[in-house]
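J.: Sharing a structure with you now.
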Amino acid sequence: MSQFKPFRHPYPIQSKYARKVAYFCMEFGIAQPLKIYSGGLGYLAGSHLRSAYALRQNLIGIGILWKYGYYDQVRKGNNEMDVLFQEKSYNFLQDTGIEFTIQVNRHPVRVKVWYLPPEVFGTAPLFLLSTQHPAN
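The sequence shown lines up with residues 4 to 139 when you count with this note's numbering.
Shown next, in the form of C-alpha coordinates:
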(Lines of atoms letter the chains of each structure in order from A; the text may use other names.)
(Lines give C-alpha, C1' and ligand atoms only; values in the text may rest on other atoms or scores of the structure.)
Protein backbone atom coordinates (compact mmCIF):
# COMPACT_ATOMS: atom_id res chain seq x y z
CA MET A 4 0.00 0.00 0.00
CA SER A 5 1.41 3.38 -0.96
CA GLN A 6 1.54 6.39 1.34
CA PHE A 7 -1.46 8.70 0.96
CA LYS A 8 -0.59 12.18 -0.25
CA PRO A 9 -3.03 15.07 0.10
CA PHE A 10 -5.00 15.46 -3.13
CA ARG A 11 -4.46 18.53 -5.28
CA HIS A 12 -6.25 19.20 -8.53
CA PRO A 13 -3.96 18.26 -11.42
CA TYR A 14 -4.95 21.35 -13.38
CA PRO A 15 -5.29 25.04 -12.43
CA ILE A 16 -8.78 25.97 -11.22
CA GLN A 17 -10.51 29.00 -12.74
CA SER A 18 -11.07 31.56 -9.96
CA LYS A 19 -14.82 31.78 -10.63
CA TYR A 20 -15.03 28.00 -9.95
CA ALA A 21 -13.02 27.98 -6.73
CA ARG A 22 -15.81 26.42 -4.65
CA LYS A 23 -15.09 22.72 -4.04
CA VAL A 24 -17.64 20.21 -5.35
CA ALA A 25 -17.78 16.43 -4.90
CA TYR A 26 -20.08 14.78 -7.45
CA PHE A 27 -21.34 11.40 -6.16
CA CYS A 28 -22.95 9.03 -8.65
CA MET A 29 -23.55 5.29 -9.00
CA GLU A 30 -22.29 5.32 -12.59
CA PHE A 31 -20.18 7.50 -14.87
CA GLY A 32 -20.47 7.17 -18.67
CA ILE A 33 -17.07 8.58 -19.54
CA ALA A 34 -15.72 6.25 -22.22
CA GLN A 35 -16.40 2.77 -23.58
CA PRO A 36 -13.22 1.26 -22.04
CA LEU A 37 -14.45 2.24 -18.54
CA LYS A 38 -17.65 0.18 -18.47
CA ILE A 39 -19.22 1.40 -15.21
CA TYR A 40 -22.45 2.82 -16.67
CA SER A 41 -25.66 1.60 -18.21
CA GLY A 42 -27.40 4.63 -19.68
CA GLY A 43 -28.87 8.05 -19.00
CA LEU A 44 -27.66 8.70 -15.45
CA GLY A 45 -24.15 7.57 -16.37
CA TYR A 46 -24.05 9.69 -19.52
CA LEU A 47 -25.23 12.74 -17.58
CA ALA A 48 -22.60 12.22 -14.86
CA GLY A 49 -19.89 11.64 -17.48
CA SER A 50 -20.90 14.85 -19.28
CA HIS A 51 -20.64 16.77 -16.01
CA LEU A 52 -17.08 15.50 -15.49
CA ARG A 53 -16.06 16.35 -19.06
CA SER A 54 -17.57 19.86 -18.76
CA ALA A 55 -15.89 20.44 -15.39
CA TYR A 56 -12.56 19.49 -16.96
CA ALA A 57 -13.08 21.80 -19.96
CA LEU A 58 -14.09 24.71 -17.70
CA ARG A 59 -11.35 23.94 -15.14
CA GLN A 60 -13.86 23.64 -12.32
CA ASN A 61 -12.94 22.55 -8.81
CA LEU A 62 -14.94 19.33 -9.03
CA ILE A 63 -14.13 15.68 -8.40
CA GLY A 64 -16.27 12.64 -9.10
CA ILE A 65 -16.79 9.80 -6.62
CA GLY A 66 -18.35 6.57 -7.81
CA ILE A 67 -18.27 2.79 -7.70
CA LEU A 68 -15.85 0.53 -9.56
CA TRP A 69 -18.12 -2.36 -10.48
CA LYS A 70 -16.31 -5.72 -10.76
CA TYR A 71 -18.21 -6.75 -13.88
CA GLY A 72 -19.15 -3.29 -15.08
CA TYR A 73 -22.30 -3.17 -17.11
CA TYR A 74 -22.93 -6.30 -19.15
CA ASP A 75 -21.90 -6.68 -22.77
CA GLN A 76 -24.50 -7.71 -25.32
CA VAL A 77 -23.72 -10.58 -27.65
CA ARG A 78 -25.65 -12.32 -30.39
CA LYS A 79 -26.30 -16.06 -30.09
CA GLY A 80 -26.07 -18.41 -33.05
CA ASN A 81 -29.83 -18.11 -33.59
CA ASN A 82 -29.48 -14.28 -33.69
CA GLU A 83 -31.10 -13.79 -30.28
CA MET A 84 -29.48 -11.26 -27.98
CA ASP A 85 -27.75 -12.48 -24.85
CA VAL A 86 -25.84 -10.82 -22.04
CA LEU A 87 -22.24 -11.49 -21.13
CA PHE A 88 -20.87 -10.63 -17.70
CA GLN A 89 -17.09 -10.35 -17.80
CA GLU A 90 -14.80 -9.27 -15.00
CA LYS A 91 -13.28 -5.96 -16.03
CA SER A 92 -9.66 -4.89 -15.72
CA TYR A 93 -8.63 -1.26 -16.02
CA ASN A 94 -4.88 -0.68 -16.38
CA PHE A 95 -5.40 3.09 -16.70
CA LEU A 96 -6.69 3.43 -13.10
CA GLN A 97 -4.19 4.32 -10.39
CA ASP A 98 -4.07 2.70 -6.97
CA THR A 99 -4.39 5.50 -4.40
CA GLY A 100 -3.24 3.32 -1.53
CA ILE A 101 -6.36 4.42 0.34
CA GLU A 102 -8.37 1.67 2.03
CA PHE A 103 -11.01 1.79 4.73
CA THR A 104 -13.62 -0.42 6.38
CA ILE A 105 -17.37 0.11 6.49
CA GLN A 106 -20.06 -1.93 8.22
CA VAL A 107 -22.75 -3.62 6.11
CA ASN A 108 -25.34 -5.59 8.09
CA ARG A 109 -22.94 -5.61 11.05
CA HIS A 110 -20.18 -7.14 8.92
CA PRO A 111 -16.93 -5.36 8.05
CA VAL A 112 -16.41 -4.65 4.35
CA ARG A 113 -13.02 -3.46 3.12
CA VAL A 114 -13.10 -0.70 0.47
CA LYS A 115 -10.22 0.28 -1.82
CA VAL A 116 -10.01 3.60 -3.69
CA TRP A 117 -8.86 3.88 -7.32
CA TYR A 118 -8.16 7.09 -9.26
CA LEU A 119 -8.84 8.03 -12.88
CA PRO A 120 -6.46 10.86 -13.84
CA PRO A 121 -8.08 13.66 -15.91
CA GLU A 122 -5.74 13.22 -18.88
CA VAL A 123 -6.90 9.65 -19.58
CA PHE A 124 -10.35 10.62 -20.94
CA GLY A 125 -10.44 14.42 -20.52
CA THR A 126 -12.56 14.54 -17.36
CA ALA A 127 -12.42 16.03 -13.90
CA PRO A 128 -10.60 13.71 -11.45
CA LEU A 129 -12.63 10.60 -10.58
CA PHE A 130 -12.23 8.43 -7.49
CA LEU A 131 -13.80 4.97 -7.66
CA LEU A 132 -14.61 2.75 -4.67
CA SER A 133 -14.15 -1.01 -4.94
CA THR A 134 -14.91 -3.85 -2.53
CA GLN A 135 -12.79 -6.32 -4.51
CA HIS A 136 -10.40 -6.84 -1.63
CA PRO A 137 -8.84 -10.07 -0.26
CA ALA A 138 -10.25 -9.26 3.21
CA ASN A 139 -13.84 -9.49 1.92
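Glycine is no exception: its CB is placed at the ideal position from the N, C-alpha and C atoms.
Hey, out of G64, G42, S41, G100, whose CA is closest to L52's CA?
T.: To locate residue 52, count along the sequence shown from 1; it is residue 49. The candidate whose alpha carbon is nearest that of L52 is G64.
J.: By DSSP's criteria, S133 is part of a beta bridge. Which residues make up the other side?
T.: In the sequence shown, counting from the first residue as 1, residue 133 sits at position 130. Note: S133 sits in a beta bridge opposite K115.
J.: Counting Cβ pairs closer than 8 Å, one from the stretch 40-54 and one from the stretch 122-138, do we hit at least three?
T.: Verdict: yes, contact present.
J.: At what residue ranges does the stretch 53-90 contain a whole run of the beta strand (DSSP E), taking only runs of 3 or more?
T.: Runs found: 62-67, 75-78, 84-87.
J.: On the CB-based measure, 16 or more other CB atoms within 10 Å of its CB, does E30 come out buried or exposed?
T.: In the sequence shown, the residue the question calls residue 30 occupies position 27. E30 is buried by the Cβ-count criterion.
J.: Might you give, ordered along the chain, the residues of its own chain that have their beta carbon closer than 8 Å to the beta carbon of G140, omitting 5 neighbours on each side?
T.: Only positions 4 to 139 of the chain appear in the structure, and residue 140 is not among them; the question remains open.
J.: Between which two residues does the alpha helix (DSSP H) harbouring E122 extend?
T.: Position 119 of the sequence shown holds residue 122. E122 -> alpha helix (DSSP H) spans 121-124.
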